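Data first, discussion second: the structure below is written as structure tokens.
In my numbering, the protein residues as written are 2 to 141.
Put into structure tokens, the structure is as follows:
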């Protein structure tokens, strides 16, 4: 975000049975990639669910959304079910804007279905003949 100091992105990792929880705090932008990758690298074959808690995310831009979509795709490749919980208003508005949903996040709810959102964006990219997500997302 221009005109102010960036907020450091941090993660907290917890295991509970077969669930691997990554709690994210700060700004979810391109600078967060190494932090999220480091957290994902800790997943073992025992985990079946990856839960990403974004209660502490104060800002997300299109690069941060791409990171979540990529994290979701990589987690699915590991055979994990992915849940993202704790959506704050600004990230909800961004997702609604990108998906073309009216109401600025009103239909997203707390447990936004990232997989469904990813499929929506992939379909939009195919329809519009874009190469990848990055060509579809607005650079906000």
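We treat Cβ as the ideally placed atom computed from N, Cα and C, and that holds for glycine.
This structure is a prediction, so every number in the text was calculated from the model and none was measured.
- Query: Are the CB atoms of residue 27 and residue 55 nearer to each other than 8 Å?
  - Reply: The answer is no: Cβ separation not under 8 Å.
- Which value, in whole angstroms, describes the spacing of the CA atoms of residue 47 and residue 19? Annotation: residue 47 to residue 19 spans about 6 Å, alpha carbon to alpha carbon.
- Query: Just how far apart, CA to CA, sit residue 69 and residue 43?
  - Reply: Residue 69 and residue 43: Cα-Cα distance of roughly 17 Å.
- Mind reading off the beta-carbon distance from residue 12 to residue 24? Whole number of angstroms is fine, and I expect it under 8 Å. With a contact defined as Cβ atoms closer than 8 Å, residue 12 and residue 24 qualify at about 6 Å.
- Task: Spell out the partners DSSP gives residue 10 in its beta bridges.
- Result: Under DSSP, residue 10 takes part in no beta bridge, so it has no partner.
- Query: In or out: residue 76 buried (at least 16 other Cβ within 10 Å) or exposed?
  - Reply: Residue environment: residue 76 is assigned as buried (16 or more neighbouring CB atoms within 10 Å of its CB, all protein chains considered).
- For the beta strand (DSSP E) that residue 71 lies in, which residues bound it at each end? First-last for residue 71: 63-78, but that is the alpha helix (DSSP H), not the beta strand (DSSP E).
- Cβ-based neighbour list, residue 64, same chain, cut-off 7 Å, excluding 5 preceding and 5 following: So the list reads 30, 31, once near-sequence residues are dropped.
- Roughly how many angstroms lie between the CA atoms of residue 57 and residue 127, to the nearest whole one? Taking C-alpha positions only, residue 57 is separated from residue 127 by approximately 33 Å.
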